[in-house]
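**Student:** Before we start, here is the structure in question, set down as structure tokens.
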Amino acid sequence: MKKLFLFLLLTLSACTLPVIADSTPTPAMPPTPAVSVATIQVQSTAEAGSAANPLILALAPSPHPSAEVLNAANALAKRLEELTRTHIILVAPAYEADLVSAFQVGNAQLGLLSPYGYVQAYETGSVNALLASLHNGLALYGAQFLARKDAGFTSYFDPARGENTAEAAEALSQFKDKKPCWSNAASPSGYVIPLGLLKQAQVQTGTAAFVEGQDTVVRAIYGKGICDFGATYIDARTLPTLEADYPDVLEKVVVIWRSPLIIPYEQIVMASSLNPELKSSFLRAFIDIMNTPEGKTLIQTVYGMDAFQPADDGQYQQFGIYLKASGLDVNGLLK
Numbered sequence: 025m026k027k028l029f030l031f032l033l034l035t036l037s038a039c040t041l042p043v044i045a046d047s048t049p050t051p052a053m054p055p056t057p058a059v060s061v062a063t064i065q066v067q068s069t070a071e072a073g074s075a076a077n078p079l080i081l082a083l084a085p086s087p088h089p090s091a092e093v094l095n096a097a098n099a100l101a102k103r104l105e106e107l108t109r110t111h112i113i114l115v116a117p118a119y120e121a122d123l124v125s126a127f128q129v130g131n132a133q134l135g136l137l138s139p140y141g142y143v144q145a146y147e148t149g150s151v152n153a154l155l156a157s158l159h160n161g162l163a164l165y166g167a168q169f170l171a172r173k174d175a176g177f178t179s180y181f182d183p184a185r186g187e188n189t190a191e192a193a194e195a196l197s198q199f200k201d202k203k204p205c206w207s208n209a210a211s212p213s214g215y216v217i218p219l220g221l222l223k224q225a226q227v228q229t230g231t232a233a234f235v236e237g238q239d240t241v242v243r244a245i246y247g248k249g250i251c252d253f254g255a256t257y258i259d260a261r262t263l264p265t266l267e268a269d270y271p272d273v274l275e276k277v278v279v280i281w282r283s284p285l286i287i288p289y290e291q292i293v294m295a296s297s298l299n300p301e302l303k304s305s306f307l308r309a310f311i312d313i314m315n316t317p318e319g320k321t322l323i324q325t326v327y328g329m330d331a332f333q334p335a336d337d338g339q340y341q342q343f344g345i346y347l348k349a350s351g352l353d354v355n356g357l358l359k
């Protein structure tokens, strides 16, 4: 059975993505158009990755990918084809919601998703995590609840041992009817996961203030008058600008409770419909490419990843639990 007209204008189908033409520029001429519309005829019963059924590799979602990104993506795709002995088509999703939809209907097999996009796609059974982005050597980070030391709250965090001294329900109950400062409405550590933790602990807070920045959350708590407590990533108090402006910030703004390291960064995912051998082949290929200076530059340019490690779907389970507990619409959190 053939899939005719797989790729159409994005405005006609939210889950069909525009195909990228080779956009390598020359010194004498401007780059060729970054994104073109193509009509692809794919034999769906053919082996995935064959010429008749090429794999679809998506760029990081962006309405207007630069020529630099597109050129690097073409080079990355060619390198992946060489290492995996497959055929690859590149597509450029404008928004993450388009990419999530494309994974669900089979119009994407490889791509980069945010934690929110991953959870949404994984819950539909359309993707599995392949590679987890690392920051400072870690694939996961945590959130912390902060308050002024003189605000009357009890700290349930021992800084000497780096451990909580009580469960979340006990520690967070003191925030009932208190006003929080949140970073922004899409921040995992500055809003979404802390909200999920509070709701799971059945703590109803007062009306929140969104202050647009994790450093701003700390500043608002330090300065009094805006909110009673707030949340940031661990440990936003040590940002150089904060330490420069408030040398005593670590004394005045204290940690009340910290979450485990449960918040992931972006991850490269693969369609769950692909066979394990193909997934292993691409895992090795991405790692081999990242281990060369030229390849690392390509991956940095295309996906913004400086380092990664093999990922396991299980490592995102707790994040998904608290995301769901927050009660927020995941669609509204996508990039």
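Per my numbering, the very first residue in the sequence shown carries number 25; after that it's consecutive. Note that beta-carbon positions come from the ideal geometry of N, C-alpha and C, so glycine has one too.
Kindly indicate the opening and closing residues of the alpha helix (DSSP H) around N98.
**Tutor:** A91 to T108
**Student:** Spell out a yes or no on whether the stretch 338 to 352 and the stretch 119 to 127 are touching, meaning 3 or more CB-CB pairs, one atom from each, closer than 8 Å.
**Tutor:** no
**Student:** What three-state label does DSSP hand Q168 in the structure shown?
**Tutor:** Looking at Q168 - three-state DSSP - the assignment turns out to be strand.
**Student:** As a quick exercise: from K303, R172 and L100, pick the residue whose alpha carbon is nearest that of T325.
**Tutor:** L100
**Student:** Please classify T256: is it buried, with 16 or more other beta-carbons within 10 angstroms of its beta-carbon, or exposed?
**Tutor:** buried
**Student:** Taking DSSP as the reference, what is the three-state secondary structure of L298?
**Tutor:** coil
**Student:** P218: buried (16+ other C-beta within 10 angstroms of its C-beta) or exposed?
**Tutor:** buried
**Student:** Would you call A193 buried or exposed, if buried means 16 or more other Cβ atoms sit within 10 Å of its Cβ?
**Tutor:** exposed
**Student:** Buried or exposed: where does V129 fall if 16 or more other Cβ atoms within 10 Å of its Cβ makes it buried?
**Tutor:** exposed
**Student:** When burial is assigned at 16 or more other CB atoms within 10 Å of the CB, is S90 buried or exposed?
**Tutor:** Counting Cβ neighbours within 10 Å, S90 comes out exposed, since fewer than 16 surround it.
**Student:** Quick check on P55: does DSSP put it in helix, strand or coil?
**Tutor:** Low confidence applies to P55: its pLDDT is 32, below 50, so where it sits in the model is not reliable, and the reading given next is rough at best. Looking at P55 - three-state DSSP - the assignment turns out to be coil, as it is neither helix nor strand.
**Student:** Near I345, what residues of its chain come up, given a Cβ to Cβ distance below 6 Å and the 5 sequence neighbours on each side ignored?
**Tutor:** none
**Student:** Decide yes or no for the touch test of the stretch 171 to 178 against the stretch 249 to 266: beta carbon pairs closer than 8 Å, at least 3 of them.
**Tutor:** Three or more Cβ pairs drawn from the stretch 171 to 178 and the stretch 249 to 266 lie within less than 8 Å of each other, which places the two stretches in contact.
**Student:** What would DSSP say about F332, mapped onto helix, strand or coil?
**Tutor:** strand
**Student:** Using alpha carbons as the reference points, say which of F332, Y180 and A233 lies closest to M314.
**Tutor:** F332
**Student:** Which of helix, strand or coil does DSSP assign to T262?
**Tutor:** helix
**Student:** Opposite Y257 in the DSSP bridges: which residues?
**Tutor:** A167
**Student:** Judging by CA-CA distance, which residue of I113, I323, S86 and R103 is the nearest neighbour of A75?
**Tutor:** I113
**Student:** Buried or exposed for G249, going by 16 or more other Cβ atoms inside 10 Å?
**Tutor:** exposed
**Student:** Would the stretch 132 to 140 count as touching the stretch 282 to 294 if we require 3 or more Cβ pairs under 8 Å?
**Tutor:** yes
**Student:** Can you grab the Cα-Cα spacing for the pair E236 / G73, in whole Å?
**Tutor:** 44 Å
**Student:** Going by other Cβ atoms of all chains shown within 10 Å of its Cβ, with 16 needed for buried, is G10 buried or exposed?
**Tutor:** No statement about residue 10 is possible, as the shown extent of the chain runs from 25 to 359 and does not include it.
**Student:** Taking the continuous beta strand (DSSP E) assigned at V279, which residues delimit it?
**Tutor:** V277 to R282 is the span of the beta strand (DSSP E), which, as asked, contains V279.
**Student:** Mapping DSSP to helix, strand and coil, what is N208?
**Tutor:** coil
**Student:** Anyone know if the C-beta pair for T108 and A295 falls short of 9 Å?
**Tutor:** no
**Student:** Where V216 and A70 are concerned, what is the direct C-alpha to C-alpha distance, given to the nearest angstrom?
**Tutor:** 42 Å
**Student:** With burial defined as no fewer than 16 other Cβ atoms inside 10 Å of the residue's Cβ, what is the status of T240: buried or exposed?
**Tutor:** T240 comes out buried.
**Student:** In the DSSP assignment, what residue or residues form a beta bridge with L81?
**Tutor:** L114 and L134
**Student:** Counting along the chain, where does the beta strand (DSSP E) carrying L154 start and finish?
**Tutor:** V151 to S157
**Student:** Among the residues of its own chain, which have a CB less than 8 Å from the CB of L104, if the five just before and after it don't count?
**Tutor:** L81, T110, I112, F306, A309, F310 and I313
**Student:** Would you mind sorting Q228 into buried or exposed? The rule is 16 or more other CB atoms within 10 Å of its CB.
**Tutor:** exposed
**Student:** Output needed for K223: all residues of its chain with C-beta closer than 8 Å, excluding positions within five of it in sequence on either side, in chain order.
**Tutor:** A349, S350 and G351
**Student:** Compare the C-alpha of L357 against each of A190, S211 and A163 and name the closest.
**Tutor:** S211
**Student:** Per DSSP, what kind of secondary structure is E71 in: helix, strand or coil?
**Tutor:** coil
**Student:** What's the C-alpha gap between V242 and R261?
**Tutor:** 7 Å
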